[in-house]
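Written out below as structure tokens is the structure these notes cover.
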Amino acid sequence: MISARMKKRGTSWVVHILLAIWLVISLLPPVMLLAASLNSTALFRSPMDLLLLRDFTLDNFTQAFSRGDFWFFFTNSLIISTSAVVITLVVCVPLAYGLTKISGRARAAVSYGVLAMRFIPYVVLALPMFLIFVNLGLSGSRFGLLLAHLSIHIPFATWMLVGFFDTVPHELEEAGIVDGCSPWNLFWNVTLPVVRSGVIALAILVFIISWNEYLFALFLAGSNAQPLTVGITRFLGGAEAGAEYGVIAAYAVLVIAPVIAFALTANRFIVSGMTAGAVKG
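According to my numbering, the sequence shown holds residues 112 to 392 in order.
Here's what the structure looks like:
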């Protein structure tokens, strides 16, 4: 008879093997992307040659910078993403806090009304927004693209922040009221510090979503407002020239590298923020 301990150990080994396989499969696409950026396009028919860097070159990155106007697109992405984070927090933090103070059906109606906007597919909004922005003179501008991003972020951020504010113990706010805090001081000095990790995590997520957004940028951004996600398409080429896969891979690495570095740096805020709204305090 196989003992329970041996069965448990065997199950543990199976789980570890499955996790190892899953890890390899998950890491293969980014590793292949990095390898492709460091090889000439001629070797793209052989994945093993790519991974072994048989035709190593840094020329793809040079081309991405020199011919891709990287810093121009980078500036647009940075301005739009940073502005989206700031405006989203300024609007959604007080909105979500106010929703937690509404009780009964009114809160449910407003909360689900805000969340319902998140259910609408982006592609459905792209054409109406384009027509509206044309009539308002916002078509092709950074401000117009920023407004489109806010239509994504505000419903999502409000719903997330309501969950964070709900974790704040009522006794803590009641103690602040007893100590003579005004409504503003109660919000700023008592409630907000408790959900700070959640707010920071949300800001990081909003930044990443804006940085990686492509559909609105393709439809609504003019030549002076295109972000990095659209800038990469200039290397796709036509029917005659063909796509420059090595340069595309290098450009993609340059696009995702700042986001990965940012996410790794702020990882502790993401973890603590996502767990903050999971348990009622």
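Beta carbons: idealized from backbone N, C-alpha and C, even for Gly.
Small disclaimer: the values here were computed from a predicted structure and weren't measured.
Mind reading off the beta-carbon distance from residue i to residue j? Whole number of angstroms is fine, and I expect it under 8 Å.
i, j, result
"SER369", "ASN187", "Here the sequence assigns Pro to residue 369, which means Ser is not the residue at that position. With 8 Å as the limit, PRO369 and ASN187 do not qualify as a contact, their Cβ atoms being about 14 Å apart."
"THR302", "GLU284", "6 Å"
"ASN401", "ASP170", "With the chain running from 112 to 392 in the structure shown, residue 401 is simply not present."
"ILE343", "ALA374", "The Cβ separation is near 20 Å, so there is no contact."
"ILE198", "LEU261", "6 Å"
"ALA146", "LEU162", "5 Å"
"SER192", "SER321", "4 Å"
"THR340", "VAL366", "7 Å"
"VAL225", "PRO266", "5 Å"
Where do the N-terminal and C-terminal ends of the alpha helix (DSSP H) with residue i fall, by residue?
i, result
"ARG253", "253-277"
"PRO369", "356-376"
"CYS203", "181-211"
"PHE318", "307-323"
"ASN171", "170-177"
"ILE288", "281-289"
"PRO338", "Element bounds for PRO338: n/a, residue is neither H nor E."
"ALA332", "Segment: none, ALA332 is in no alpha helix (DSSP H) and carries neither H nor E."
"PRO158", "158-162"
What's the C-alpha gap between residue i and residue j?
i, j, result
"VAL125", "TRP133", "12 Å"
"ASP277", "LEU316", "20 Å"
"VAL234", "HIS264", "15 Å"
"CYS292", "PRO140", "53 Å"
"ILE231", "ALA361", "34 Å"
"VAL390", "VAL305", "With a pLDDT of 44 at VAL390, under the threshold of 50, the modelled position of that residue is not reliable, and no figure is offered here."
"LEU326", "PHE185", "17 Å"
"ALA336", "PHE318", "17 Å"
"SER308", "LEU200", "13 Å"
"THR122", "ILE128", "10 Å"
"ALA259", "SER194", "12 Å"
"LEU242", "LEU331", "10 Å"
"PHE298", "GLY209", "10 Å"
"SER252", "VAL245", "10 Å"
"ALA175", "ALA217", "52 Å"
"GLY248", "PRO239", "14 Å"
"VAL196", "ARG120", "47 Å"
"ALA220", "PRO205", "18 Å"
"VAL273", "GLY179", "42 Å"
"VAL142", "GLU355", "19 Å"
So for residue i, helix, strand or coil by DSSP?
i, result
"VAL245", "helix"
"ASN150", "strand"
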